[in-house]
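Novice: Sequential numbering of the sequence shown, starting at 936, is according to this note's numbering. The C-beta atom is built at its ideal place from N, Cα and C for all residues, glycine as well. Note that the coordinates shown come from a computational prediction; the quantities given were computed from them, not determined experimentally. Just passing along the structure, written as structure tokens.
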Amino acid sequence: MTNIVGNILVVDDELPLLKMLSAYLTRLGYTVTTAGSTNKAREEIAAGAERFALAVLDATMTGVPVHELAAEMLAANPRLCVIVASGYHVNVTALEATAPGRVMFLHKPFSPEMLARAVRRMLASKEEAV
């Protein structure tokens, strides 16, 4: 079986931010797939949601609302964790209720160190299980 612990899907419609997040997570040793739109994210999940351990989602993209996209991802892969990132407060309580321990909110702007801590925290249970 393939080890998915380090596979992360990053979804953001701001290309410079998408590239920066991808580069930083790759430097930390994670395998990163990027999606510059909610439609592209849906395509990646449809192509194999089980490939990913974590998705980092920008909450303010056009297209599918973040709560709907996250719910689809969580349903498609019962082991997937999701970090919802935004400069505005986003209530993720409903998502947390359907996927306890698998959803967190990360307020923008965040430092690379804050992102690294959030990713490690979300993947901790997966890393312990390997």
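Using 8 Å for Cβ pairs, my map puts residue 946 next to residue 976. What's the rounded Cβ distance?
Specialist: Residue mapping note: residue 946 aligns to position 11 of the sequence shown, counting from 1. Residue mapping note: residue 976 aligns to position 41 of the sequence shown, counting from 1. Going by Cβ atoms, the distance from residue 946 to residue 976 rounds to 4 Å, so yes, they are a contact pair.
Novice: Using a Cβ-Cβ cutoff of less than 8 Å, which residues in the same chain neighbour residue 1025 once the five nearest sequence positions on both sides are dropped?
Specialist: Your numbering for residue 1025 matches position 90 in the sequence shown. Same-chain partners within the cutoff: 994, 1001, 1019 and 1040.
Novice: Residue 1032 lies in the alpha helix (DSSP H); which residues open and close that run?
Specialist: Position 97 of the sequence shown, counting from 1, holds the residue named residue 1032. Counting along the chain, the alpha helix (DSSP H) containing residue 1032 begins and ends at 1028-1033.
Novice: Tell me whether residue 1036 is buried or exposed, calling it buried when 16 or more other Cβ atoms sit within 10 Å of its Cβ.
Specialist: Residue numbering aside, residue 1036 sits at position 101 when the sequence shown is read from its first letter. Label assigned to residue 1036: exposed.
Novice: Would you tell me roughly how many angstroms separate the C-alpha atoms of residue 943 and residue 1009, rounded to the nearest one?
Specialist: Sequence index remark: in the sequence shown, residue 943 carries index 8 (1-based). Sequence index remark: in the sequence shown, residue 1009 carries index 74 (1-based). Answer to the nearest angstrom: the Cα atoms are 14 Å apart.
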